[in-house]
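Take a look at the structure below.
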Amino acid sequence: LRRSGADQETIQRLLQDDWVTFINRAEIIKRAEVFYGKVALALVSQQGERAQLLAAQAADELLSIEDFAASFVIYPTVGGTAISARSTGDINVQVMMEQLGGGGHMTIAGAQLEGVTLSQARERVLEVIHEYFAEEAGK
């Protein structure tokens, strides 16, 4: 951006988070579970208009951790739950989310689960993760 003439201070200001968003995202990441040494799964406990943003940001940030190849962040919605999935490209999250009725791209995908609680969604995502790694082990 700087080479294109963008002001560094303006860029920093535009990318800043407010304190509450930063703390909430850090809490989500702190509570993440790790499976197979490279897959992170986290839950957003609070419902609201910021839940989707927090989930997407946390899913992205979890991939910045060494050895993590995929992240799944589940958050409550009106009438169910949704999943924000990210990958470095080593794991195909699109295929995994398609199993839950969602879709996307190999590195960015998601799903919406109507009438499903956070804990039920967590179990469904875990099933998909375990199936994925079982299939990979069989190749």
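In this note's numbering, the protein residues as written are 2 to 140. All residues carry an ideal CB built from backbone N, CA and C; glycine is no exception.
About 11 Å separates the beta carbons of G104 and Q113, which is beyond the 8 Å limit, so they are not a contact pair. Around the Cβ of M97, a 10 Å sphere holds 16 or more other Cβ atoms; the residue is buried. Of the candidates P77, R32, T108, A138, the residue whose Cα lies closest to the Cα of A122 is P77. The C-beta distance from Q53 to A27 rounds to 18 Å, too long to fall under 8 Å, and the pair is not in contact.
In the structure shown, R32 adopts coil according to DSSP, grouped into three states.
Per DSSP, the beta bridge partners of F73 are L42, A86. In terms of Cα proximity to Y133, the closest of F36, I24, Q58 is F36. The C-alpha of A86 is placed about 6 Å away from the C-alpha of I109. Going by DSSP, I109 is part of the beta strand (DSSP E) stretching over 109-115.
Boundaries of the alpha helix (DSSP H) harbouring E124: 119-139, taken from the DSSP string.
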